[in-house]
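Residue numbers (my numbering): 1 to 110. For every residue, glycine included, the Cβ atom is placed at its ideal position computed from N, Cα and C. Quick caveat: nothing in here was measured; it's all calculated off a predicted structure.
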Amino acid sequence: MSSYDAIYAVVQQIPLGKVATYGQVATLAKLPGQARLVGYALYRVAAEADVPWHRVINAKGEISYSPLRHGMDYVQRALLEREGVQFSPEGKIDLKTYLWRPDLSSASFN
DNA sequence: GCCATGACGGAGC
DNA sequence: TGCTCCGCCATGG
1 MSSYDAIYAV
11 VQQIPLGKVA
21 TYGQVATLAK
31 LPGQARLVGY
41 ALYRVAAEAD
51 VPWHRVINAK
61 GEISYSPLRH
71 GMDYVQRALL
81 EREGVQFSPE
91 GKIDLKTYLW
101 RPDLSSASFN
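So this is what it looks like as structure tokens:
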């Protein structure tokens, strides 16, 4: 157990067809500015937890590729496209349309 | 216990 | 608009 638990909780709140940035998740997880920790946390959990890690992208609105994933980066894109998320020719996501906006009815925990 | 690195973000040039 | 540098915290050697 650790602060990452909050991160997982936030990620699990991301609705299908929507995406959130690392910074956004970090802030919602009470860890403003710790975007790196979010990435680290997801990296550690993606292998076993039921966390929709594929819905978390960087502030540029694109998937963060990394050699750590052994080249399975395309899986993330495939999962998102399967959820209805459109990618630009550059592989970017239109944040104006798909960025998750918590505060409507989610209300998180309070 | 210390050093280097990393799924990032934002400011500066 | 695009690239570079610094900062944050945790993990691994």
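Endpoints, alpha helix (DSSP H) assigned at residue i
i          : result
residue 26 : 22 to 28
residue 37 : 35 to 45
residue 79 : 73 to 82
residue 13 : Element bounds for residue 13: n/a, residue is neither H nor E.
Whole-number beta carbon distance between residue j and residue i, since they are thought to touch under 8 Å
i          : j          : result
residue 83 : residue 16 : 5 Å
residue 25 : residue 10 : 5 Å
Straight-line Cα distance separating residue j from residue i
i          : j           : result
residue 69 : residue 28  : 25 Å
residue 52 : residue 36  : 17 Å
residue 7  : residue 63  : 18 Å
residue 54 : residue 102 : 18 Å
residue 39 : residue 80  : 17 Å
residue 97 : residue 18  : 8 Å
residue 14 : residue 21  : 11 Å
residue 42 : residue 88  : 24 Å
residue 85 : residue 50  : 20 Å
residue 33 : residue 91  : 25 Å
Classification of residue i by the beta-carbon crowding that lies within 10 angstroms, buried from 16 upward
i           : result
residue 108 : Unreliable placement is indicated for residue 108, whose pLDDT of 48 sits below 50; no coordinate value is reported for it.
residue 74  : exposed
residue 61  : buried
Closer than 7 Å: residue i CB and nearest the ligand GDP heavy atom
i          : result
residue 12 : With respect to the ligand GDP, the structure offers nothing, as it holds no ligand at all.
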